[in-house]
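First residue of the sequence shown? That's 254 in our numbering, and the numbers climb one at a time after it.
For reference, the structure discussed in these notes is given below.
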Amino acid sequence: MTEAGIFLFKTVIGIFSLAFLLRFYLQVVRATPHNPLSVFVIAITDFAVVPTRRFVPGWRGYDLSTFLLALIAEALLLSLALILNGIDLKTSTFTTILAIVCLSSVSLAKMFVYIIIVATFVQAILSWVNPYSPIMSLLAAMSSPFLDIFRRRFNPVG
């Protein structure tokens, strides 16, 4: 496989991993599914989420199939990186599989933190530029669970 093919594969799998994680998080914060970003994320992930829901049940109102698909995508990405670095996965042991799953979980946690940071920054910028944008309610739903921790801790200024 050429370098361009590897780059393309990593990019596509990374985007789908982000989309699956974003869909899971939008369901967790109960964001409106009628927002244009929500509609887009649902549209590009439905091809895999709908069949997976038959096998992976939800838990306490959370759709675990989207999280599982994000974890599988990250594990696939990590496995590709290991294969390209010359590590033989044909003789993989339980320890190797467990390490791939753990590293994929850490990668998803890192991606989740990036989602929160980007949502907070975009919300702050849009509050100056266009505070009545339709995406503001979605960004507020995404960032408010984490900003509420600081809002309770510190008094408002002004």
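Note that CB positions come from ideal geometry on N, CA and C, so glycine has one too.
Model, not experiment: these values are computed from the prediction.
Quiz item: When you compare each of L317, P286, S358 and A301 to A328 by their alpha carbons, which one comes out closest?
Solution: Counting from 1 along the sequence shown, the entry for residue 328 is found at position 75. That would be S358, whose Cα lies nearest to the Cα of A328.
Quiz item: Taking DSSP as the reference, what is the three-state secondary structure of Y385?
Solution: Along the sequence shown, one-based indexing puts residue 385 at 132. Coil.
Practice problem: Express the C-alpha separation of G314 and Q280 in angstroms, rounding to a whole number. | Solution: If you number the sequence shown from 1, residue 280 lands on position 27. If you number the sequence shown from 1, residue 314 lands on position 61. About 9 Å.
Quiz item: With 16 other CB atoms within 10 Å as the buried threshold, where does F407 fall?
Solution: If you number the sequence shown from 1, residue 407 lands on position 154. Label assigned to F407: exposed.
Exercise. If I'm right that T319 touches V302 with Cβ under 8 Å, what's the distance once you round it to whole angstroms?
Key: Numbered from 1 along the sequence shown, position 66 holds the residue referred to as residue 319. Numbered from 1 along the sequence shown, position 49 holds the residue referred to as residue 302. With a Cβ gap of about 6 Å, T319 and V302 count as contacting.
Quiz item: Could you give the distance in angstroms between the alpha-carbon of D299 and the alpha-carbon of S380?
Solution: If you number the sequence shown from 1, residue 299 lands on position 46. If you number the sequence shown from 1, residue 380 lands on position 127. The straight-line gap from Cα to Cα measures roughly 31 Å.
Quiz item: Which residues bound the alpha helix (DSSP H) around Y206?
Solution: The structure shown does not extend to residue 206, since the chain is modelled only from 254 to 411, so the question has no answer here.
Quiz item: Would you call the CB atoms of V375 and I388 closer than 9 Å?
Solution: Taking the sequence shown and counting its residues from 1, one reaches residue 375 at position 122. Taking the sequence shown and counting its residues from 1, one reaches residue 388 at position 135. Yes, these two residues count as a Cβ contact at 9 Å.
Exercise. Please name the residue, chosen from L391, P398 and V382, that lies closest to N288 on a Cα-to-Cα basis.
Key: Numbered from its first residue, the sequence shown carries residue 288 at position 35. Among L391, P398 and V382, the Cα nearest to that of N288 is on L391.
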